[in-house]
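Visitor: In terms of UniProt numbering, the numbers along the sequence shown are unbroken and rise by one, the last being 258.
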Amino acid sequence: MKLSLKDVLLKIVSPICAIILWEILAIYVNNPVILPRVEDVVNVLLHPFNGILGTGSLIENTIVSIKRVLSGFLLASIISIPLGILMGYYSLVNNLLDTLIELLRPIPPLAWVPLSLAWFGLGEMSMIFIIFIGAFFPILINTISGVKSVPKPLIEAALTLGAKEKDILIKVVIPASSPSILTGLRVGAGIAWMCVVAAEMLPSSNAGLGYLIMYAYSLSRMDVVIACMIIIGLIGLILDRGLRYIEDKYFIWRKMMK
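Here is the structure:
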């Protein structure tokens, strides 16, 4: 779907207003430790390959964070999507696991930090585990919901035509529930990026955007802090728009049914 000029302008007006308000407040405060000027942050963003505070460049730290997010997110997807399909389709599996899932789901990812350090030690796995926990439950819950919302007449029609249970799962249930699964992936990806910042603040981290944020804060370099925050936001936006593009391109029939 092509956007008109009016749509484009409406989408960029709020970020522009936010930047203007930010600059006005920064001038009024006149203290870069509290709120740096826009130009100071832009100067950091315009030199992504330059070393920052002895911790590597913005690009290097961004790549480290992306690798961690992808590792935790992909692991969560590989486990939660098949599990969600089984729980949504088979009532026995759902009854067996539902209580456990609902007990674990409200626990914030940060609450898992002590156990993560105890289980995996001071290393990459402890950070990936925190990201995994953050992404796992949104994907799982949306997958279960999508499978349960598959119209019963579709399944009954497939059975009437002689389809086997395996065929129903692969050719009816999974395609029909795919939009909900994709929504879960979008939510899970956003939470994974929120979790990576927290994970990289663990004692085991010595690189990544989260680590750089905390290190810059300790040196009162708020321009670097905000630059890292902007990069995280931009990557999250790009990831969400990519998944939304897939949704609009391959699941347009869902919107037509509404």
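Glycine included, every Cβ here is placed at the ideal spot set by N, Cα and C.
1. With DSSP as the reference, identify every bridge partner of glycine 51, one or two as the case may be.
2. For the 8 Å Cβ check, are there 3 or more pairs between the stretch 52 to 70 and the stretch 214 to 225?
3. With burial defined as no fewer than 16 other Cβ atoms inside 10 Å of the residue's Cβ, what is the status of arginine 186: buried or exposed?
4. Take every Cβ of the stretch 199 to 207, pair it with every Cβ of the stretch 136 to 145, and state whether three or more of those distances are shorter than 8 Å.
5. Tell me whether the stretch 29 to 37 and the stretch 177 to 197 touch, counting them as touching only if at least three CB pairs, one residue from each stretch, are closer than 8 Å.
6. Within 10 Å of its beta-carbon, does valine 8 have 16 or more other beta-carbons around it, so buried, or fewer, so exposed?
7. Taking the alpha-carbon positions, what's the glutamate 23 to glycine 123 distance?
8. Just tell me which of Leu10, Asp40 and Pro48 has its CA closest to the CA of leucine 209.
9. Any idea what DSSP makes of tyrosine 90, helix, strand or coil?
10. Between valine 93 and chain B, is any beta-carbon pair separated by less than 8 Å?
11. What residue range does the alpha helix (DSSP H) around proline 36 cover?
12. Once DSSP output is grouped into helix, strand and coil, what is the label at valine 150?
13. Alpha carbon to alpha carbon, how far is leucine 117 from isoleucine 79?
14. Between the Cα of residue 268 and those of Pro175, Gly188, Ile66 and Cys228, spot the shortest distance and give me the residue it belongs to.
15. Within a Cβ cutoff of 7 Å, which residues of the same chain sit near glycine 72, ignoring the five residues on either side of it in sequence?
Guide: So, from the data block:
1. The residue given as residue 51 occupies position 51 in the sequence shown. Ser57.
2. yes
3. Here residue 186 corresponds to residue number 186 of the sequence shown, with the count starting at 1. Counting Cβ neighbours within 10 Å, arginine 186 comes out buried, since at least 16 surround it.
4. no
5. Because the criterion of three Cβ pairs below 8 Å is not met, the stretch 29 to 37 and the stretch 177 to 197 do not touch.
6. Residue mapping note: residue 8 aligns to position 8 of the sequence shown, counting from 1. That one is exposed.
7. Within the sequence shown, residue 23 is the residue found at index 23, counting from 1. Within the sequence shown, residue 123 is the residue found at index 123, counting from 1. Rounded to whole angstroms, glutamate 23 to glycine 123 spans 39 Å at the Cα level.
8. Residue numbering aside, residue 209 sits at position 209 when the sequence shown is read from its first letter. Nearest of Leu10, Asp40 and Pro48 to leucine 209, Cα basis: Pro48.
9. Taking the sequence shown and counting its residues from 1, the one referred to as residue 90 is at position 90. It is coil, neither helix nor strand.
10. Among the protein chains of the structure shown there is no chain B, as only one such chain exists.
11. Translated into the one-based positions of the sequence shown, residue 36 becomes position 36. Neither: proline 36 is in no alpha helix (DSSP H) and is coded neither H nor E.
12. In the sequence shown, counting from the first residue as 1, residue 150 sits at position 150. In the structure shown, valine 150 sits in coil (DSSP, three-state: anything other than H, G, I, E or B).
13. Numbered from 1 along the sequence shown, position 117 holds the residue referred to as residue 117. Numbered from 1 along the sequence shown, position 79 holds the residue referred to as residue 79. In a straight line, the C-alpha of leucine 117 is about 22 Å away from that of isoleucine 79.
14. Outside the displayed range of the chain (1 to 258) lies residue 268, so it cannot be described from this structure.
15. Here residue 72 is taken as the residue at index 72 of the sequence shown, counted from 1. Ile128, Ile131, Phe132, Ala135 and Ala192, listed in sequence order.
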